[in-house]
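Numbering (the numbering used here), first residue to last: 1 to 288.
I have placed the structure first, in the form of structure tokens, so that the comments after it can refer back to it.
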Amino acid sequence: MQQFAVVAVEVAADLDGDHPAVVLEVPAALLAALQIEGQAVVARQVVERARHAVPGEVGGHAAHHALVRRQADRHEVRVDRSDVATAVYDGADAVMLSAESASGKHPVAAVGIMNRIIAETERDPLYRNLIDAQHQAPLPARQDAICAALRDVTHILGAVATVTYTSSGKTSLRAARERPRAPIVNITPRLDTARRLALAWGVHSTVSPDVGNVDAMVEAACGAAAREGFAAAGDPIAITAGMPFGQAGTTNLLRLAEIGLQAGAATAAAQTAQMAQTDAPSKTPVPA
1 MQQFAVVAVE VAADLDGDHP AVVLEVPAAL LAALQIEGQA VVARQVVERA RHAVPGEVGG
61 HAAHHALVRR QADRHEVRVD RSDVATAVYD GADAVMLSAE SASGKHPVAA VGIMNRIIAE
121 TERDPLYRNL IDAQHQAPLP ARQDAICAAL RDVTHILGAV ATVTYTSSGK TSLRAARERP
181 RAPIVNITPR LDTARRLALA WGVHSTVSPD VGNVDAMVEA ACGAAAREGF AAAGDPIAIT
241 AGMPFGQAGT TNLLRLAEIG LQAGAATAAA QTAQMAQTDA PSKTPVPA
């Protein structure tokens, strides 16, 4: 079986399916044929080109494959820690577990280890410095300008979340490329778009019907941010959308909002009810 050392995924901004995703794979044999001092450079270039591939209105999206496949012994199952951390520092959208999760002996353990590595790397103060240093100027396009402003507003005001309304997924991909300091709550009426954005950096997708006016947009955005656990009553959020509503490619609106007491209270009540249900004793009869 051929082993692949690095996988980069370039997702076209047209998520309707007219332009399928392009998967770039670097076989381990190809890297082995390179001089050892050049292998890391090639791997980095693959991720960088995929992330910043923006021909016209196409959004770049990168994923990094960094798992060492091990034998049956559970103690031998480990993730290549350096590769995983490097992928995060390089700004990859996702770290993939293809071989281990498909045919490995302990896929859950491998995913758990990698998740801990990713979380610890993102807590490193150096991580944010590197991400900011890699930031590129937005293109002279309306959507890019809005998402660049979204990034700045989130940082200046300390918004706890950004909310992006999108049908095709383009706006959320652009927002993810800006690497804001707050999670991106994506609201879309299309389930396929929500699923495709699962690999985008920092994007948490929700599926909801289109709104008809600005007030309904703000209410739905605040409700989604609170309901998904990213905001509480009184927290500021930033919202992007397009007018007229319901039309793809019209992103032209940036709105600031504050989570209302009603949305925050409803979320708190739901969380309390869930905790109570979890802590409640089981009603299943215990055999004597």
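Every residue gets a Cβ at the ideal spot worked out from N, C-alpha and C, and that includes glycine.
Can you give me the C-alpha to C-alpha distance between residue 222 and residue 163, rounded to a whole angstrom? For residue 222 and residue 163, the distance between alpha carbons rounds to 8 angstroms.
Can you grab the Cα-Cα spacing for the pair residue 224 / residue 82, in whole Å? Roughly 36 angstroms between the two C-alpha positions.
Nearest-angstrom Cα separation, counted from residue 200 out to residue 93: Inter-residue distance for residue 93 and residue 200 is about 6 angstroms (C-alpha atoms, whole angstroms).
Anticipated Cβ contact below 8 angstroms, residue 179 with residue 131, distance rounded: Confirmed, Cβ separation roughly 5 angstroms.
Under 8 angstroms by Cβ, that's how I've got residue 183 and residue 161 pegged, so tell me the actual separation to the nearest angstrom. Correct: roughly 5 angstroms between the Cβ atoms.
Helix, strand or coil: how does DSSP classify residue 253 here? Three-state DSSP puts residue 253 in a strand.
For residue 188 and residue 169, believed in contact at Cβ under 8 angstroms, the rounded distance: Contact between residue 169 and residue 188 holds, since their C-beta atoms are separated by about 7 angstroms, short of 8 angstroms.
From 233, 251 and 126, residue whose alpha carbon lies closest to that of residue 239: For the set 233, 251 and 126, the Cα lying nearest the Cα of residue 239 is the one of 251.
I'd like to check one pair, residue 173 with residue 236: are the Cβ atoms closer than 8 angstroms? Pairing residue 236 with residue 173 gives a Cβ-Cβ distance that is not under 8 angstroms.
Compare the beta carbon distance of residue 210 and residue 245 with 8 angstroms and say whether it is the shorter of the two. Cβ distance < 8 angstroms, so residue 210 and residue 245 count as in contact.
By alpha-carbon positions, which one of 217, 205, 248 and 175 ends up nearest to residue 255? Measuring C-alpha to C-alpha distances from residue 255 to each of 217, 205, 248 and 175 identifies 217 as the nearest.
Here's the rule: buried if 16 or more other CB atoms are within 10 angstroms of the residue's CB, otherwise exposed. What is residue 97? Here residue 97 is buried. Its C-beta has 16 or more other C-beta atoms within 10 Å.
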